[in-house]
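Asks: FYI, the working numbering numbers position 364 of the sequence shown as 580, with every residue one higher than the one before it.
Every residue, glycine too, gets a C-beta built ideally from N, C-alpha and C.
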Amino acid sequence: MDQTISVRLIPELNKDNRLEKIIQFLGKLNSGDYSAREPLSEKGDEIDTIIQCLNTLAEKARFSGKMIGDFEKRAGAIMDVLLKYTFFDFSKKAEVSETGDELDAIAIGLNTLAEELLVAHEAEAKQLKTVSEVNHFLDAILDHIPNLVFVKDAKDLHYIRVNKAVEKLLNQTKESLLGKTNFDLLPNERAQEFTKRDREALAFEGVTDVPEELVPTLNGDRWLHTKKMPIIENGITLYLLGISEDITDRKEAEEKVQELNRELSHNVKQLENSNKELEAFTYSVSHDLRAPLRAIHGYSKILEEEYFSKLDADALTMMHAIMANAKKMGQLIDDLLAFSRLGKKEIEKKDINMEELTSMVIAELRKLVETKAEITVKPMPKAYADHNLMHQVLMNIISNAVKYSSLVDNPKIEIGGKEEQEEVIYYIKDNGAGFDMKYYNKLFGIFQRLHDAHEFEGTGVGLALVKRIIIRHDGRVWAESEIGKGTTFYFALRKFKYKKHER
């Protein structure tokens, strides 16, 4: 089909001002004045020709399979045709088949208008394509964000954009959510609460933080931590942007931790009460045992001194056994009292020169126990602890090392320490009897002994006391051993933050 439109001259043109008005009218359209709507006072063949021309042009301009029908020939109909024509294909042009000033001008005006409208249409289509691509790109980014992202219109707070996280939480498609408000998705009371918060966020120019928000969903209530902020352009609030993190799992974990803490606090309180009762019982029993024990030891001493000549060998042996066990019982009572008092004693921490304290303990020990052990003190970092209790710890562990290395030919004991990132660690190493590590769990238990009493004497309280002292310092204590090769005891204390002049 011919793509040109022929505007044929009318044989007898009326020379009044009608064509002049048409030319002026098209000139206004051409200059962008689309408000022009000058009625033509008379109807004639030239007007009919122009309208037919536009109708023919429109019939050739197809858009989505639709065609423009005829337009009524009436005053101002040319403007109607041109306005409706802006939705169709402007690639067709009107041509003048014969020379004529007025009609030629009209044809040129129509062609120019069609060209400009075509350019505008193409620019609009390109812009729409660009906007579509940008929207697709933005949707792709938002959908890959694990948090919930939504945008609401500031006027009535309906959703205009959501990401997949919102769809998943509310169990609805993006298409079904767009255009909806809180009242479409939530019970009325909850919707009022959420809407109130949205309005408050819109009124505040910064970021509004909502730490905890309970949202009912088909899969149960979910806890959200939401940040909202208004989007403002040229001083006008247009949208509300919201970003929410689903903190339900964290909230449930926190509640479980709180419940465990409550249970732990209850158990600790019960344990403290039990310990107090046990300490009171231990102190009472130990104190009450002292009097009969002193009597046993005293009467045995009298028998030895006054009736020595009257006792035979067996009687003397039994008497000495009674005295030895009474002495052992006395030591056990002393240890029990020390153990029970430790729970009541206030810890007074200060910086301690551990090398000096260790040397002091060794000197005291040599006065109490005859030993041939070679004791070496390596560098030891300072400690921040209770001086008297650290003295007790060192005395108990070093005396153990002396005792359990006493049967070897060349007993050696090494004492030292080192600094770690958050703690200081001390060790006491011997080459004595050692013990089987499969019995390690009994090592620090009260009244627990890993060697026969006939082989190495002791009450089984010393290491239990050591452990209790170290734990009260928020430290830790452990040991490594091998039968016949010796044992190394370690204890660690929280590192003291020294000042430069203290080093």
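With a Cβ-Cβ cutoff of 8 Å, do N435 and N387 count as a contact?
Replies: Taking the first residue of the sequence shown as 1, we reach residue 435 at position 219. Taking the first residue of the sequence shown as 1, we reach residue 387 at position 171. Yes, Cβ-Cβ distance for N435 and N387 is below 8 Å.
Asks: Restricting to Cα atoms, I'd like to know which of T592, L553 and M596 is closest to M570.
Replies: If you number the sequence shown from 1, residue 570 lands on position 354. Measuring from the Cα of M570, the nearest candidate turns out to be M596.
Asks: In the structure shown, what three-state DSSP assignment does F705 receive?
Replies: As a working mapping, residue 705 is identified with position 489 in the sequence shown. Here F705 sits in strand by DSSP.
Asks: Please classify K377 as buried or exposed, where buried requires at least 16 neighbouring CB atoms within 10 angstroms.
Replies: As a position in the sequence shown, residue 377 is number 161, starting the count at 1. The sequence given here has Arg at residue 377, not Lys. It counts as buried.
Asks: Give a single yes or no on whether G633 has its beta carbon closer than 7 Å to a heavy atom of the ligand GTP.
Replies: Here there are no bound small molecules, and the ligand GTP is not part of this structure.
Asks: For D369 and V423, what's the separation of their Cα atoms in angstroms?
Replies: Counting from 1 along the sequence shown, the entry for residue 369 is found at position 153. Counting from 1 along the sequence shown, the entry for residue 423 is found at position 207. Their Cα atoms are separated by approximately 17 Å.
Asks: How many whole angstroms separate the CB atoms of R692 and A708, which I take to be in contact at a CB cut-off of 8 Å?
Replies: Walking along the sequence shown from the start, residue 692 turns up at place 476. Walking along the sequence shown from the start, residue 708 turns up at place 492. Contact flag correct, Cβ pair sits at about 5 Å.
Asks: Let me know if I685 comes out buried or exposed under the rule of 16 or more other beta-carbons within 10 Å of its beta-carbon.
Replies: As a first step, residue 685 is located in the sequence shown; it is residue number 469 there, counting from the start. Flag for I685 reads buried.
Asks: Leaving out five residues on either side along the sequence, give the residues of the same chain with a beta carbon under 7 Å from the beta carbon of L723.
Replies: Since the first and last residues shown for the chain are 217 and 719, residue 723 lies out of range.
Asks: DSSP state of G678, grouped into three classes?
Replies: Reading the sequence shown from its first residue, position 462 is the one you call residue 678. Helix at G678.
Asks: Which value, in whole angstroms, describes the spacing of the CA atoms of Y600 and K701?
Replies: What you label residue 600 is simply residue 384 of the sequence shown in a count that begins at 1. What you label residue 701 is simply residue 485 of the sequence shown in a count that begins at 1. One C-alpha to the other measures close to 32 Å.
Asks: Compare the C-alpha of I448 against each of L605, V367 and L681 and name the closest.
Replies: Position 232 of the sequence shown, counting from 1, holds the residue named residue 448. Among L605, V367 and L681, the Cα nearest to that of I448 belongs to V367.
Asks: When you compare each of E639, V618 and E586 to G650 by their alpha carbons, which one comes out closest?
Replies: Looking up residue 650 in the sequence shown gives position 434. Comparing Cα-Cα distances from G650 to each of E639, V618 and E586, the minimum goes to V618.
Asks: Could you spell out where the beta strand (DSSP E) holding K444 opens and where it closes?
Replies: Taking the first residue of the sequence shown as position 1, residue 444 is located at position 228. Counting along the chain, the beta strand (DSSP E) containing K444 begins and ends at G436 to E449.
Asks: Give me the DSSP bridge partner(s) of G458.
Replies: If you number the sequence shown from 1, residue 458 lands on position 242. DSSP lists F366 and K444 as partners of G458.
Asks: May I ask you to report which of helix, strand or coil DSSP gives I685?
Replies: Counted from its first residue, the sequence shown places residue 685 at position 469. I685: helix per DSSP, three-state reduction.
Asks: Quick check on the burial criterion: 16 or more other C-beta atoms within 10 angstroms. Buried or exposed for I466?
Replies: Working through the sequence shown from its first residue, we reach residue 466 at position 250. Just to set this straight, residue 466 is Arg in the shown sequence, not Ile. Exposed is the call here.
Asks: Can you tell me whether DSSP reads V223 as helix, strand or coil?
Replies: Position 7 of the sequence shown holds residue 223. Residue confidence for V223 is low, a pLDDT of 35 falling below 50, so the modelled location carries little weight; the figure read from the coordinates is stated next. In this structure, V223 counts as strand in the three-state DSSP scheme.
Asks: Beta strand (DSSP E) containing I644: first to last residue?
Replies: Residue 644 sits at position 428 when you count from the first residue of the sequence shown. Per DSSP, I644 belongs to the beta strand (DSSP E) from E639 to D646.
Asks: Taking the alpha helix (DSSP H) that E429 falls in, what are its first and last residues?
Replies: Residue 429 sits at position 213 when you count from the first residue of the sequence shown. No alpha helix (DSSP H) contains E429, which is instead part of the beta strand (DSSP E) from T424 to T433.
Asks: When the Cα atoms are used, what is the spatial distance from I294 to V335?
Replies: The residue given as residue 294 occupies position 78 in the sequence shown. The residue given as residue 335 occupies position 119 in the sequence shown. Its pLDDT being 48, under 50, I294 is placed unreliably in this model, and the coordinates cannot settle the point.
Asks: Report the rounded CA-to-CA distance for E521 versus N491, giving the unit in angstroms.
Replies: Within the sequence shown, residue 521 is the residue found at index 305, counting from 1. Within the sequence shown, residue 491 is the residue found at index 275, counting from 1. Straight-line Cα distance between these residues: approximately 44 Å.
Asks: Just how far apart, CA to CA, sit G632 and E572?
Replies: Reading the sequence shown from its first residue, position 416 is the one you call residue 632. Reading the sequence shown from its first residue, position 356 is the one you call residue 572. If I take the Cα positions, the gap works out to 12 Å.
Asks: Output yes or no for whether 8 Å exceeds the beta carbon distance between E639 and K711.
Replies: Locating residue 639 in the sequence shown gives position 423, counting from the first residue. Locating residue 711 in the sequence shown gives position 495, counting from the first residue. Yes, Cβ-Cβ distance for E639 and K711 is below 8 Å.
Asks: With D567 as the anchor, note down where its beta strand (DSSP E) starts and where it stops.
Replies: Taking the first residue of the sequence shown as position 1, residue 567 is located at position 351. Taken as a continuous stretch (DSSP letters only), the beta strand (DSSP E) holding D567 covers K565 to I568.
Asks: What are the residues that DSSP puts in a beta bridge with D504?
Replies: For the purposes of this step, residue 504 is identified with residue 288 of the sequence shown, where counting begins at 1. None; D504 has no bridge partner.
Asks: What is the DSSP secondary structure of E470, reduced to helix, strand or coil?
Replies: On the sequence shown, position 254 is the one that residue 470 refers to. In this structure, E470 counts as helix in the three-state DSSP scheme.
Asks: Pick out whichever of V431, L681 and I614 has its Cα sitting closest to the Cα of L167.
Replies: Only positions 217 to 719 of the chain appear in this structure, which leaves residue 167 out of reach.
Asks: Taking all protein chains shown into account, decide if T703 is buried (16 or more other Cβ within 10 angstroms of its Cβ) or exposed.
Replies: For the purposes of this step, residue 703 is identified with residue 487 of the sequence shown, where counting begins at 1. It counts as buried.
Asks: Is it the case that the segment 475-487 contacts the segment 428-446, given that we only count it when at least three CB pairs across the two stretches are under 8 Å?
Replies: They do not touch, by the three-pair rule.
Asks: Buried or exposed, going by whether 16 or more other CB atoms sit within 10 Å of the CB of S621?
Replies: Start at 1 with the first residue of the sequence shown, and residue 621 comes out as number 405. Result: buried.
Asks: Once DSSP output is grouped into helix, strand and coil, what is the label at G633?
Replies: By one-based count along the sequence shown, residue 633 stands at place 417. Strand at G633.
Asks: State the Cα-Cα distance for the pair T453 and D414, rounded to the nearest angstrom.
Replies: Along the sequence shown, one-based indexing puts residue 453 at 237. Along the sequence shown, one-based indexing puts residue 414 at 198. Distance between the alpha carbons of T453 and D414 is about 13 Å.
Asks: Does DSSP put R290 in a helix, in a strand, or in coil?
Replies: Here the question's residue 290 lines up with position 74 in the sequence shown. Because R290 sits at a pLDDT of 39, beneath the cut-off of 50, its placement in the model cannot be relied upon, and the following sentence gives the value as read from the coordinates. Coil at R290, not helix or strand.
Asks: For I614 and V577, which I take to be in contact (beta-carbon distance under 8 Å), what is that distance rounded to the nearest angstrom?
Replies: In the sequence shown, the residue the question calls residue 614 occupies position 398. In the sequence shown, the residue the question calls residue 577 occupies position 361. Sure, about 6 Å apart at Cβ, within 8 Å.
Asks: For the putative contact between L373 and T397, defined by C-beta atoms under 8 Å, what is the C-beta separation to the nearest angstrom?
Replies: Residue numbering aside, residue 373 sits at position 157 when the sequence shown is read from its first letter. Residue numbering aside, residue 397 sits at position 181 when the sequence shown is read from its first letter. Between T397 and L373 the Cβ distance is about 5 Å, and since that is below 8 Å, they are a contact.
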